[in-house]
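Encoded as structure tokens, the structure appears first; notes follow it.
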Amino acid sequence: MPEDDEPLELCPEERLARAALTRIAEPGDERAGRWLRTHGAQEVVRALREDASPLPGVDEQRWAGLRSRAERARPEADLAAIEALGGRFICPGDREWPGQLDALGVTRPIGLWLRGAPNLRLWALRSVAIVGARACTEYGVHVAAVLGAGLAERGWTVVSGAAYGIDGAAHRGALAAGGATVGVLACGVDVAYPPGHAELISRIAEQGLMLAELAPKDHPSPSRFVLRNRVIAALTRGTVVVEAALRSGSLSTARHARRLGRFVMGVPGPVTSGLSAGVHELLREEGSLVTDAAEVIELIGSIGELAPRRQGASVPRDVLPSEAAMVLDALPARGAVRSAQLAQAVGITPDVAVARLQELCALGFVERLGVGWQLSRSAGPRKATGHPIE
Numbered sequence: 005m006p007e008d009d010e011p012l013e014l015c016p017e018e019r020l021a022r023a024a025l026t027r028i029a030e031p032g033d034e035r036a037g038r039w040l041r042t043h044g045a046q047e048v049v050r051a052l053r054e055d056a057s058p059l060p061g062v063d064e065q066r067w068a069g070l071r072s073r074a075e076r077a078r079p080e081a082d083l084a085a086i087e088a089l090g091g092r093f094i095c096p097g098d099r100e101w102p103g104q105l106d107a108l109g110v111t112r113p114i115g116l117w118l119r120g121a122p123n124l125r126l127w128a129l130r131s132v133a134i135v136g137a138r139a140c141t142e143y144g145v146h147v148a149a150v151l152g153a154g155l156a157e158r159g160w161t162v163v164s165g166a167a168y169g170i171d172g173a174a175h176r177g178a179l180a181a182g183g184a185t186v187g188v189l190a191c192g193v194d195v196a197y198p199p200g201h202a203e204l205i206s207r208i209a210e211q212g213l214m215l216a217e218l219a220p221k222d223h224p225s226p227s228r229f230v231l232r233n234r235v236i237a238a239l240t241r242g243t244v245v246v247e248a249a250l251r252s253g254s255l256s257t258a259r260h261a262r263r264l265g266r267f268v269m270g271v272p273g274p275v276t277s278g279l280s281a282g283v284h285e286l287l288r289e290e291g292s293l294v295t296d297a298a299e300v301i302e303l304i305g306s307i308g309e310l311a312p313r314r315q316g317a318s319v320p321r322d323v324l325p326s327e328a329a330m331v332l333d334a335l336p337a338r339g340a341v342r343s344a345q346l347a348q349a350v351g352i353t354p355d356v357a358v359a360r361l362q363e364l365c366a367l368g369f370v371e372r373l374g375v376g377w378q379l380s381r382s383a384g385p386r387k388a389t390g391h392p393i394e
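Residue numbers (this note's numbering): 5 to 394.
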């Protein structure tokens with residue numbers, strides 16, 4: 005059945021054919037995507053299994069390789085395996101399918117294998133990706149975990165790749181906050197990769213969602229990690245990069261997000277750190293600088309979800325009218341001065357200077373000393389104004 009005519013729920017035969025194709029075609033294969041769009045999954049699988057002529061875009065050698073994979077594909081067994089895990093296989097056209105993945109065009113996933121109870125489509129509506137270096141610093145781990153927790157506490161789903169470093173820290177932050185998190189794997193959802201994250205992956209599957217384009221028990225490879233990143237970018241409203249070297253693979257997620265019209269954000273690090281060089285280059289181009297969850301939500305959230313404005317600690321001088329503040333600034337750090345001298349220094353009349361000095365005296369900023377005025381001893385030199393001693 006052609007993709008353009010997909011129903012709300014696929015027929016069993018089409019679902020079975022798509023499950024088979026996740027064993028046959030590599031994730032993001034443009035040729036397979038065009039075949040699906042033109043012929044539908046059942047017809048593509050039939051052509052591969054019945055020794056038909058090669059479909060457009062491949063030579064005889066490549067077609068033979070695909071046919072070999074088709075012969076070994078056992079979609080019924082794969083569907084039974086995912087069901088035994090308490091998971092499911094969803095396809096474009098299903099009610100749970102996230103429509104934003106359709107932005108990938110012919111490279112959109114053939115289907116997704118899921119572990120976890122939540123509805124992927126609903127969780128993806130308010131989701132943000134947090135990605136970064138595997139070999140990260142303590143600073144990066146802290147920032148990613150705080151971001152993950154902050155976003156989860158505000159009702160956002162944290163999406164990442166379950167890898168070592170920044171990915172794992174973001175997932176753990178969301179889990180610690182009791183929030184939603186989705187891990188996108190470059191292997192089967194029943195494969196714990198990386199092995200050191202077996203416990204984390206299990207926790208994500210129990211509390212959140214694990215998903216993959218590859219069938220159960222399928223293995224990861226370098227190319228599959230890169231292709232996996234396009235799904236992370238398409239699934240979410242925006243991507244935050246925390247620590248990434250200039251050649252970091254996590255930057256490919258940001259590039260996919262930019263091409264898809266999603267928000268691209270980066271958390272700055274020390275300018276002396278090579279692990280932040282890629283993030284800084286991203287910020288020099290089109291990325292937006294963010295430092296906490298509130299700033300991320302201000303960019304990707306609804307109108308009015310503004311981050312609190314940052315400002316330094318307020319000091320008493322901040323509430324003074326401008327003319328009174330100018331008179332206060334004109335007073336020396338030590339010693340007294342006549343009102344006429346202050347008037348000349350500020351550019352006001354002596355009467356106005358006296359009036360402003362009396363106001364400052366009532367507020368405790370200055371005091372009278374004979375015929376002159378000086379800063380209040382109780383406030384100390386410049387203490388009341390917030391200025392350093394000159």
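Positions of the beta carbon are idealized from the N, C-alpha and C atoms, including for glycine.
Owing to the predicted nature of the structure, the values given are computational and were not obtained by experimental measurement.
Which of the three DSSP states is assigned to residue i in this structure?
{"i": "Thr389", "result": "For Thr389, the pLDDT reaches just 45, beneath the cut-off of 50, and the residue's location in the model is therefore unreliable, leaving the point undetermined."}
{"i": "Ser164", "result": "strand"}
{"i": "Arg92", "result": "strand"}
{"i": "Trp101", "result": "coil"}
{"i": "Ala337", "result": "coil"}
{"i": "Glu54", "result": "coil"}
{"i": "Ala139", "result": "coil"}
{"i": "Arg381", "result": "coil"}
{"i": "Pro16", "result": "helix"}
{"i": "Leu303", "result": "helix"}
{"i": "Leu255", "result": "helix"}
{"i": "Phe229", "result": "helix"}
{"i": "Leu264", "result": "coil"}
{"i": "Ile134", "result": "strand"}
{"i": "Leu324", "result": "coil"}
{"i": "Ala216", "result": "strand"}
{"i": "Leu59", "result": "coil"}
{"i": "Val244", "result": "strand"}
{"i": "Thr353", "result": "coil"}
{"i": "Val294", "result": "coil"}
{"i": "Val370", "result": "strand"}
{"i": "Arg119", "result": "strand"}
Using a Cβ-Cβ cut-off of 7 Å (strictly less than) and excluding sequence neighbours within five positions of residue i, which residues of its own chain qualify?
{"i": "Ser380", "result": "Gly368, Phe369, Val370, Glu371, Ala388"}
{"i": "Thr4", "result": "What the structure shows of the chain is the stretch from 5 to 394, and residue 4 is not part of that stretch, so it cannot be assessed."}
{"i": "Leu293", "result": "Gly270, Pro272, Leu287"}
{"i": "Ser256", "result": "Val230, Asn233"}
{"i": "Val145", "result": "Ala173"}
{"i": "Arg35", "result": "Gly61, Val62"}
Compute the distance between the beta-carbons of residue i and residue j, then report whether it is under 8 Å.
{"i": "Ala328", "j": "Glu363", "result": "yes"}
{"i": "Leu204", "j": "Ala166", "result": "yes"}
{"i": "Leu116", "j": "Glu17", "result": "no"}
{"i": "Gly291", "j": "Gly278", "result": "no"}
{"i": "Tyr143", "j": "Gly253", "result": "no"}
{"i": "Ala209", "j": "Ala180", "result": "no"}
{"i": "Pro96", "j": "Asp82", "result": "no"}
{"i": "Val283", "j": "Glu247", "result": "yes"}
{"i": "Val375", "j": "Arg342", "result": "yes"}
{"i": "Leu74", "j": "Leu108", "result": "Correcting the residue type first, residue 74 is Ala in the shown sequence and not Leu. Going by C-beta atoms, Ala74 is not nearer than 8 Å to Leu108."}
Please classify residue i: is it buried, with 16 or more other beta-carbons within 10 angstroms of its beta-carbon, or exposed?
{"i": "Glu241", "result": "Residue 241 is actually Arg in this sequence, not Glu. Buried: at least 16 other Cβ atoms inside 10 Å."}
{"i": "Val331", "result": "buried"}
{"i": "Leu20", "result": "buried"}
{"i": "His260", "result": "buried"}
{"i": "Asp63", "result": "exposed"}
{"i": "Arg251", "result": "exposed"}
{"i": "Ser280", "result": "buried"}
{"i": "Asp33", "result": "buried"}
{"i": "Thr353", "result": "exposed"}
{"i": "Ala357", "result": "buried"}
{"i": "Leu361", "result": "buried"}
{"i": "Gly177", "result": "buried"}
{"i": "Leu129", "result": "exposed"}
Residues in its own chain within less than 6 Å of residue i by CB, not counting five upstream and five downstream?
{"i": "Ser131", "result": "Thr161, Val163, Thr240"}
{"i": "Arg38", "result": "Val110"}
{"i": "Ala88", "result": "none"}
{"i": "Pro79", "result": "Leu20, Ala23, Ala24"}
What residues in its chain sit with their C-beta under 8 Å from that of residue i, if we drop five residues either side in the sequence?
{"i": "His201", "result": "Ala166, Ala167, Tyr168, Gly172"}
{"i": "Ala196", "result": "Ala202, Ile205, Ser206"}
Should the region 208–215 be regarded as contacting the region 100–119, the criterion being three or more beta carbon pairs within less than 8 Å?
-> yes
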